[in-house]
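Counting in UniProt numbering, the sequence shown runs from 1 upward without gaps. Here's the structure we're looking at; comments come further down.
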Amino acid sequence: MQTIIAERDKLKAQLNVLKANTQVTVDRRPLGATIAGAPGVQPVAVLTLAAQLTPSEHEALRKAISPEYLEERSFREGSHGEIVNYQGRTIFEVGFARAIRKILGD
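The following block contains the structure:
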């Protein structure tokens, strides 16, 4: 029994030595990030708005402002990026479609 306890203590000591000498670095910067920095300043990850979207989110936004999709619902895009229905009532305010295009990078 004493040999088992001694072996356990020896293994714990070895484990503690390994833990003390181990350093793990995890890079959690998102994919698609560009690194920007000035001399003497720590670099910063910069993301475009489109890089923060999943493919399904990207496609959903693109579809929301597509002429075909709007036409199916009797909507249209106004001259200032607003979405209006067949009666001319504003569904989404001025700049809506333009803002989505900026986010998508179109």
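C-beta atoms are modelled at their ideal positions from N, C-alpha and C, and glycine is treated no differently.
{"Asked": "Mark A97 as exposed unless 16 or more other C-beta atoms lie within 10 angstroms of its C-beta, in which case mark it buried.", "Found": "buried"}
{"Asked": "By Cβ distance below 7 Å, which residues in the same chain neighbour E93 in space, the five residues on each side in sequence not counted?", "Found": "E82"}
{"Asked": "If you drop the 5 nearest sequence neighbours on each side, which residues of the same chain put their C-beta closer than 6 Å to that of A36?", "Found": "V44, V46"}
{"Asked": "When you compare each of H58, A99, A60, E59 to L77 by their alpha carbons, which one comes out closest?", "Found": "Looking at the sequence itself, residue 77 is Glu, so the reference to Leu does not match. Nearest option by C-alpha distance: A99."}
{"Asked": "Let me check one thing: in DSSP terms, what residues is V44 bridge-paired to?", "Found": "A36"}
{"Asked": "Identify the continuous beta strand (DSSP E) that holds R76 and give its terminal residues.", "Found": "75-77"}
{"Asked": "Considering only C-alpha positions, which residue in the set K102, E68, G105, A64 is nearest to I91?", "Found": "A64"}
{"Asked": "Start and end of the beta strand (DSSP E) containing V94?", "Found": "That residue, V94, is in no beta strand (DSSP E); it is neither H nor E in DSSP."}
{"Asked": "What are the start and end residues of the alpha helix (DSSP H) that includes residue 107?", "Found": "A query on residue 107 cannot be resolved here, the shown segment of the chain reaching from 1 to 106 and no further."}
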